[in-house]
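Enquirer: Before we start, here is the structure in question, set down as C-alpha cells.
Residue numbers (our numbering): 24 to 609.
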C-alpha cells in the first residue's frame with residue numbers, strides 16, 4: 024500500500040508539472056511513512072514541505088494542490104491536509120485486508136524486493152585469525168554478518184560472502200612455535216612456556232597428534248632451543264623480543280621445511296575447525312580468501328608499487344612507511360619492516376585493491392569494534408590508490424559478554440581461558456544464539472544471558488517468537504482433529520468479517536513486513552527484523568488469548584484461519600532470513 028500511495032503522489036506531481044504549477048526540473052522524494060497515530064490516517068507524506076523551497080511556494084498551499092491532483096484510487100478512502108503541509112492518507116478497510124491474499128499468493132517470496140537492482144556487494148565477516156577456535160565474541164560477528172548478507176540478497180543485491188584468512192602473519196608463527204614447544208613436552212623436553220605463546224588445550228591436542236604420528240622426528244634438545252635467548256617478560260625481559268627469538272630459533276633448528284610442517288598442521292587443523300563451526304552455525308561463504316595468495320601472486324608488491332608511484336611511500340630507519348597521515352589517518356604506517364617483511368597492513372591494502380578489481384559495487388567489511396582505529400588507514404590507502412572510498416562500508420560489531428550467573432567469563436585465545444562458539448551453541452542452541460546476537464544494534468554492547476536464552480518462557484524472545492509459529496501449527500492440527508476442513512477461497516471472500524481490534528492490528532502489522540525488511544537490509548540493521556518479529560508474535564499471542572479461531576461460523580472461521588496462516592508465513596519468511604528454525608510444536 025505504501026508503494027501504491029507513492030505512485031499516486033508521483034502521478035500528482037507529474038500532473039502539476041504538466042500544468043506549469045511545478046518546474047520540470049523538480050525531482051521529488053515521495054517520503055511516505057506510516058502514521059504513528061491512527062487519527063492522522065494510515066500513511067503520511069511531507070512532500071509539500073520538502074518541495075516548498077524548490078517550488079517557491081507555501082507548503083500548505085502546495086499540499087492542497089498536490090491533493091487536488093491526486094488520481095482517485097479505490098484503496099484510498101480519503102486524503103486530508105494537516106499541520107503546516109502534511110498529507111494524510113486513509114486506506115479503505117477492504118483494501119487493508121488484501122495483504123492477507125497477497126501473503127498467501129506470494130508465500131515464501133512475500134517481502135522480497137528488487138531494491139538492490141542486482142548490484143554486486145561483497146560482505147567480508149568474521150575473518151578471525153586461524154590461531155584458535157572461534158569464541159563467543161566471534162559468534163556475534165558471524166550472526167550479524169550472515170544476517171546482513173542474507174537480507175541484502177533478499178532485497179535484490181548480488182551478494183558475495185567472504186572470509187579473509189590471515190595465514191601469513193606473525194601470529195601464525197607464534198602458533199607454530201607454541202605447537203612445537205608443546206610437542207617437545209610430549210617428547211620429554213620441559214621448559215618455561217613463553218608468556219606470549221598460545222596456551223589453549225587445542226595447542227596441546229595438535230602437538231599430541233603430531234607426536235603420535237611422527238614420534239620424536241622433530242625433537243631438539245631444549246638446551247639448544249633456549250640457548251642465549253633474551254629474557255621473557257616474567258624474568259624482566261620483553262615478551263615480544265622473546266617470542267620472535269624463539270620463532271627464529273625454531274626455524275634454525277628445524278630448518279624451514281620441517282618448521283613449515285608445524286605451521287601447516289596448526290593452520291589446517293584450526294581452519295577446518297572454524298569452517299565446521301560456522302557451517303553448523305548456519306554461516307556459509309562463497310570464498311575463503313588466503314592472505315598468502317596475495318603474497319604468492321605478487322599482489323602485495325603490486326599494491327606497494329602503486330603507492331610508491333603515487334608518492335605515498337618513504338623510507339625511514341630501514342623501514343618503508345605509508346604516508347597515511349596526509350590522507351586523514353592520525354599517523355603514518357609501516358608497510359615493510361626493517362627485516363624486509365611486509366606488514367599485515369600491506370596485505371590488507373592489497374586485499375582491498377583486489378576487492379575493487381573484482382568489480383564489486385560495494386564492499387562491506389564487518390569488524391570488531393576494537394578495530395575502529397583501523398578504518399582511517401584503510402580509507403587513506405583507498406584514496407592513495409585512486410579508488411572511490413564511498414564503495415567501502417565498514418560496520419563495527421561489539422563483542423558479546425557472556426555471564427554465568429554473576430560471574431563474567433573471560434575470553435582470551437592466548438591464555439586459553441575462553442568459551443568457544445561451539446560450547447555456546449551446544450548449550451543454548453543455534454536458534455537462540457543467532458537470535459540473541461542480532462537482538463541489538465551491532466555497535467551496541469550486549470550481555471549474553473545464558474539462563475534466559477535456554478528458558479522456555481515468554482521472557483525468552485526467541486522462544487516467544489517460535490511459539491507463535493508453533494501455536495498456529497497447533498490450531499491447524501486441532502482443525503484436523505475435529506474433522507473440519509479449511510476453505511481457503513471462502514476465507515478470502517469473507518475477510519471483511521475480521522473487524523476485531525486484534526485482527527486489525529495483526530493485518531496492519533503484516534502489511535509493514537516488506538518495509539521493515541527493506542529498511543533492515545538497506546541500513547544493515549537486522550535487529551529491526553528481530554523487533555518486528557517480537558511485535559508480530561505479541562500481536563498474535565494477544566489475539567490467540569482473546570478469541571477462538573475454530574468457531575462454528577464457517578466463513579468467520581475460514582477468515583481467521585487465513586489470517587493466522589498469513590502470520591505463520593511471515594514468521595517463517597523472517598526467521599528463515601535469519602537462519603532460525605520454525606518448530607511446529609514446542
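Positions of the beta carbon are idealized from the N, C-alpha and C atoms, including for glycine.
(1) What is the C-beta distance between residue 391 and residue 420, in whole angstroms, given that I count them as a contact (C-beta under 8 Å)?
(2) Using the three-state DSSP reduction, which class does residue 41 fall into: helix, strand or coil?
(3) With H, G and I counted as helix, E and B as strand and the rest as coil, what does DSSP make of residue 68?
(4) Round the Cβ separation of residue 279 and residue 153 to the nearest angstrom and send it over; I've been treating them as touching at under 8 Å.
(5) Given 8 Å as the limit, is there contact between the segment 204-221 and the segment 245-258, that is, 3 or more CB pairs closer than that?
(6) Which ranges would you report for the alpha helix (DSSP H) in the segment 298-343 if only whole runs of at least 4 residues count?
(7) If you draw a straight line from the alpha carbon of residue 489 to that of residue 209, how long is it in whole angstroms?
(8) Just curious, the beta strand (DSSP E) that residue 390 is in, first and last residue?
(9) Starting from residue 109, trace the beta strand (DSSP E) in both directions and tell me its first and last residue.
(10) Between which two residues does the beta strand (DSSP E) carrying residue 469 extend?
(11) Does the Cβ-Cβ distance between residue 418 and residue 159 come in under 8 Å?
(12) Determine the extent of the beta strand (DSSP E) in which residue 501 is found, giving its start and end residues.
(13) Could you round the C-beta distance between residue 39 and residue 80 to whole angstroms and report it? I think they count as a contact, below 8 Å.
(14) Take residue 379 and list the residues in its own chain whose beta-carbon comes closer than 6 Å to its own, dropping the five residues that flank it on each side.
(15) How is the beta strand (DSSP E) around residue 146 delimited, first residue to last?
(16) Using the rule of at least 16 other Cβ atoms within 10 Å of the residue's Cβ for burial, across every protein chain shown, is residue 36 buried or exposed?
(17) Quick check: is the beta carbon of residue 338 nearer than 8 Å to any beta carbon in chain C?
(18) Can you say whether residue 508 is buried or exposed, counting buried as having 16 or more other CB atoms within 10 angstroms of its CB?
(19) To which residues does DSSP link residue 361 through a beta bridge?
(20) Output the distance between the C-alpha atoms of residue 26 and residue 355, rounded to the nearest integer angstrom.
(21) Along the chain, where does the alpha helix (DSSP H) that runs through residue 457 open and close?
(22) Alpha carbons only, please: which of 407, 133, 167 and 362 is nearest the one belonging to residue 375?
(23) Any contact between the segment 540-553 and the segment 164-175? By contact I mean 3 or more CB pairs, one from each, below 8 Å.
(24) Could you check how far apart the C-beta atoms of residue 71 and residue 61 are, in whole angstroms? I think they sit under 8 Å.
(25) State the Cα-Cα distance for the pair residue 443 and residue 455, rounded to the nearest angstrom.
(26) Straight-line CA distance for residue 352 to residue 300?
(27) Restricting to Cα atoms, I'd like to know which of 423, 538, 365 and 516 is closest to residue 462.
(28) Can you tell me which of 589, 459 and 561 puts its alpha carbon nearest to the alpha carbon of residue 499?
(29) Looking at C-alpha atoms only, which residue of 203, 577 and 220 is the closest neighbour of residue 238?
(30) Taking residue 28 as the reference, give the member of 42, 175, 67 and 51 with the closest Cα.
(31) Going by other Cβ atoms of all chains shown within 10 Å of its Cβ, with 16 needed for buried, is residue 436 buried or exposed?
(32) Run through the DSSP bridge pairs and tell me what residue 99 is partnered with.
(33) Tell me where the alpha helix (DSSP H) around residue 206 begins and ends.
(34) If you follow the beta strand (DSSP E) that residue 416 is in, where does it begin and where does it stop?
(35) Short of 6 Å in beta carbon distance, which residues of its chain neighbour residue 604, apart from the five on each side in sequence? Order them along the chain.
Expert: Working from what's here:
(1) 6 Å
(2) helix
(3) strand
(4) That pair is no contact at about 20 Å.
(5) yes
(6) 314-319 and 322-332
(7) 49 Å
(8) 385-391
(9) 109-114
(10) 469-472
(11) no
(12) From DSSP, residue 501 is part of no beta strand (DSSP E) but of the alpha helix (DSSP H) over 484-504.
(13) With a Cβ gap of about 10 Å, residue 39 and residue 80 do not count as contacting.
(14) 410
(15) 143-147
(16) buried
(17) Absent here is chain C; the protein component of the structure consists of one chain.
(18) exposed
(19) Beta-bridge pairing links residue 361 to no other residue.
(20) 49 Å
(21) 453-460
(22) 407
(23) yes
(24) With a Cβ gap of about 22 Å, residue 71 and residue 61 do not count as contacting.
(25) 16 Å
(26) 36 Å
(27) 423
(28) 589
(29) 203
(30) 67
(31) Because residue 436 sits at a pLDDT of 48, beneath the cut-off of 50, its placement in the model cannot be relied upon, and the following sentence gives the value as read from the coordinates. With 16 or more Cβ atoms within 10 Å of its Cβ, residue 436 is classed as buried.
(32) 114
(33) 193-209
(34) 415-420
(35) 454
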